[in-house]
Amino acid sequence: MKKFGGFIPGYRPGKPTADYLNHVLSRITLPGSVYLGVVAVLPNLLLRTGGTAQSLAFGGTSVLIVVSVGLDTVKQMESQLMSRNYTGFLR
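Oh and the sequence shown: position 45 is 45 in the UniProt record's numbering, straight run, nothing missing.
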C-alpha cells in the first residue's frame, strides 16, 4: 500500500492500519476455513450414515479438487477468448 500511495480512510498509517487489516483478514478467513472443513468432512459423514459403498462415492477433498480445476479451466478459457478480442489493439 505504501509503495502505491494507498490508504484506508479512518486509519493512520503504520500499526493501526496493520491491526485493521489483520482483523479484516481474520474475519474473512475464519468462515471460509470452517466452510471448507464442513465440505471436506460432510461427504464422509453422509456415507457412514447412508450405508452406501464408499468406493462409489467421491470424498469431500476430491470434490474440492474437481471444482477447483473446473473453475480454473473456465477462467483460462475466458482469458483466451478475451485476448483474441484484443489482438487488433496490440498490433
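C-beta: ideal position from N, C-alpha, C; glycine also.
7 Å CB neighbourhood of residue i in its chain, flanking five on each side removed
| i | result |
| --- | --- |
| Leu42 | Gly60 |
| Lys3 | none |
Inter-residue spacing [alpha-carbon to alpha-carbon] between residue i and residue j
| i | j | result |
| --- | --- | --- |
| Lys15 | Ser33 | 26 Å |
| Ile65 | Leu71 | 10 Å |
| Ser26 | Tyr86 | 39 Å |
| Leu30 | Thr17 | 20 Å |
| Gly50 | Val69 | 28 Å |
| Gly5 | Val63 | 41 Å |
| Leu36 | Leu45 | 15 Å |
| Pro13 | Asp19 | 10 Å |
| residue 97 | Arg48 | Since the first residue of the chain shown is 1 and the last is 91, residue 97 is not available in this structure. |
| Tyr11 | Thr73 | 39 Å |
| residue 166 | Val24 | Residue 166 falls outside the range modelled here, since the chain spans only 1 to 91, and no answer is possible. |
Close beta carbons around residue i, own chain, < 6 Å, minus the five adjacent residues each side
| i | result |
| --- | --- |
| Val39 | Gly60 |
Beta-carbon proximity list for residue i, same chain, < 8 Å, skipping 5 on both sides
| i | result |
| --- | --- |
| Phe7 | Met1, Pro13, Thr17 |
| Ser83 | none |
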